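Reviewing the structure listed below.
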Amino acid sequence: MERNVFTDLINKLDRGESPVLTLTANGEEYARRFIRGDRLILLGGGHVSLDVYRMALMLDFNITVVDDRPEFCNSARFPQANVVCDNFENSIRSLNITDKDYVCVLTRGHRWDRVCVETILSGTMPYYLGMISSRRRAKGMKEGLLENGYSPESIDRIHAPIGLDIGAMTTAEIALSICSEMIGEKRKIRCTPLDNEIVQTNVNEDMLRFLADSNEPRALLTVLDSTGSTPVKSGSMMAVNALGKCYGTVGGGCGEAEAIAKARRIVGTGESVVLDLDMTDEVAAEDGMVCGGKMKILIEDITE
636 MERNVFTDLI
646 NKLDRGESPV
656 LTLTANGEEY
666 ARRFIRGDRL
676 ILLGGGHVSL
686 DVYRMALMLD
696 FNITVVDDRP
706 EFCNSARFPQ
716 ANVVCDNFEN
726 SIRSLNITDK
736 DYVCVLTRGH
746 RWDRVCVETI
756 LSGTMPYYLG
766 MISSRRRAKG
776 MKEGLLENGY
786 SPESIDRIHA
796 PIGLDIGAMT
806 TAEIALSICS
816 EMIGEKRKIR
826 CTPLDNEIVQ
836 TNVNEDMLRF
846 LADSNEPRAL
856 LTVLDSTGST
866 PVKSGSMMAV
876 NALGKCYGTV
886 GGGCGEAEAI
896 AKARRIVGTG
906 ESVVLDLDMT
916 DEVAAEDGMV
926 CGGKMKILIE
936 DITE
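Count along the sequence shown starting at 1, add 635, and that's the number in our numbering.
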């Protein structure tokens, strides 16, 4: 595979597209789609928002934080987020919320929560809208929104109280319940799959840029298929150079170590190979591979 393939992928992602990489293994074609992380807007920069921000980064969300208090809305507090320090109403309108966005209303009080929700409902309804509240307060707000003429369909889509009911008590536990609910909603989305489309669609920017920009020999590893309780699913990717430096993962442990060793042997050769890893209990017990399952990994040398 040539390096310019990855330059093209990055350019398409920058244009807002969801490009597909076609992979060929043993005469069969596979499609690996790339979809950039969804935008998550946190309205309120307090303690719960900070923990949601930390977890959402690991889940590949592109995060915007809004608050009118500079001490709670700054780049030092949220270094990997877009921060908007202004009143909530102006900020929401300036962000041009779409039906693909995720929005969490986590302000410091009921008054600001209501401003946020009413401003959002006056525009495009986001894919996910959650508001932190008690059940009583949420019920009262929804009744008030109905009386003020807001759409019953939109009101019914508000997740309030926000998050899954896991008995959360700490801010970290609340953040976990919120992120879990968002992922649950995200996985409800189904697009028409391509033939032999592999599952995972995340974008590892560091890995793609390493494959596109580096002049040194390197290889791309892609999980084409997985069965059983494997540590990762199809679509997981890793880039490896001749010294064993890695970006991404194909599962860790002994299986990944074997894949990396194989990749280092083909770096610079122009070859490709399919590695079948069997991590079922019977086969893997001696090697300490305890996850179980089987994976098929395509390893390809990247050429200029």
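C-beta: ideal position from N, C-alpha, C; glycine also.
Quick caveat, the model's predicted, so the values are computed rather than measured.
Answer yes if the segment 766-781 comes into contact with the segment 705-721, meaning at least three C-beta pairs across the two stretches below 8 Å, and no otherwise. Too few Cβ pairs lie closer than 8 Å, so no.
Once DSSP output is grouped into helix, strand and coil, what is the label at C881? It is a strand residue.
Euclidean distance between Cα positions of S953 and G887: Past the edges of the chain, shown from 636 to 939, lies residue 953, and the structure says nothing about it.
With 16 other Cβ atoms within 10 Å as the buried cut-off, status of K777: Here K777 is buried. Its C-beta has 16 or more other C-beta atoms within 10 Å.
Rounded to a whole number of angstroms, what is the C-alpha to C-alpha distance between I932 and P654? Whole-angstrom Cα-Cα distance: 21 Å.
Status (buried if at least 16 other CB within 10 Å, exposed otherwise) for M872: Classification for M872: buried.
Span of the alpha helix (DSSP H), counted from its first residue to its last, around V902: Counting along the chain, no alpha helix (DSSP H) covers V902, and no H or E run does either.
Does the Cβ of D703 have 16 or more other Cβ atoms within 10 Å, making it buried, or fewer, making it exposed? By the neighbour-count criterion, in which a residue is buried when 16 or more other Cβ atoms sit within 10 angstroms of its Cβ, D703 is buried.
Spatially closest choice to Y665 from I809, L656, R746, by CA coordinates: It is L656.
Give me, in chain order, the residues of the same chain whose beta-carbon lies closer than 7 Å to that of V918; leave out the 5 immediate sequence neighbours on both sides. Annotation note: pLDDT 47 at V918 (below 50); position unreliable, coordinate value reported separately. Nothing meets the Cβ criterion.
Taking the alpha-carbon of S815 as reference, which of Y737, E906, V902 has the nearest alpha-carbon? Here the closest residue by C-alpha is Y737.
Figure out for me which residue from L694, E939, V909 has the closest Cα to the Cα of M930. Looking at the Cα atoms, V909 is the closest of the given residues.
Roughly how many angstroms separate the alpha carbons of C889 and N697, rounded to a whole number? Cα to Cα, C889 sits roughly 33 Å from N697.
What first and last residue would you give for the beta strand (DSSP E) that runs through I861? First, the amino acid is wrong: residue 861 is Ser here, not Ile. For S861, the uninterrupted beta strand (DSSP E) segment begins and ends at 853-862.
Answer with buried or exposed for N876, where buried requires no fewer than 16 other C-beta atoms within 10 angstroms of its C-beta. Here N876 is buried: its Cβ has 16 or more other Cβ atoms, across all protein chains shown, within 10 Å.
With DSSP as the reference, please indicate the residues paired to I937 in a beta bridge. R853.
Which of helix, strand or coil DSSP assigns to N697: In the structure shown, the three-state DSSP call for N697 is strand.
Decide if T904 is buried, meaning its Cβ has at least 16 other Cβ atoms within 10 Å, or exposed. Per the 10 Å Cβ criterion, exposed.
What would DSSP say about T659, mapped onto helix, strand or coil? Here T659 sits in strand by DSSP.
Can the beta-carbon of A803 be found closer than 7 Å to that of I797? Contact flag unset, no.
When the Cα of K735 is compared with those of M842, T759, I793, C708, which residue comes out closest? Ranked by how close their Cα comes to the Cα of K735, the residues M842, T759, I793, C708 have T759 in first place.
Which value, in whole angstroms, describes the spacing of the CA atoms of H794 and R668? So the alpha carbons of these two residues sit roughly 30 Å apart.
Just confirm the distance between the C-beta atoms of D936 and V885, as a whole number of angstroms; I'd bet it's less than 8 Å. With 8 Å as the limit, D936 and V885 do not qualify as a contact, their Cβ atoms being about 16 Å apart.
Closest by CA to W747, which one among F723, I813, R844? Selected option, being the one with the closest Cα: F723.
Among G672, E663, V750, the one whose alpha carbon lies nearest that of K821: Taking K821 as reference, the option from G672, E663, V750 with the minimal CA-CA separation is G672.
Ordered along the chain, which non-local residues of its own chain (more than five positions away) have a Cβ less than 6 Å from that of K647? Correct list, in chain order: P654.
Measuring straight from C-alpha to C-alpha, what distance separates A920 and D913? Only weak support is given to the placement of A920: the predicted model assigns it a pLDDT of 48, under 50, and the value that follows is read from those uncertain coordinates. Linking A920 to D913 through their CA atoms gives a straight-line distance of about 11 Å.
Taking the alpha-carbon of L677 as reference, which of M693, T699, I670 has the nearest alpha-carbon? Among M693, T699, I670, the Cα nearest to that of L677 belongs to T699.
Could you spell out where the beta strand (DSSP E) holding I790 opens and where it closes? That residue, I790, is in no beta strand (DSSP E); its alpha helix (DSSP H) goes 787-791.
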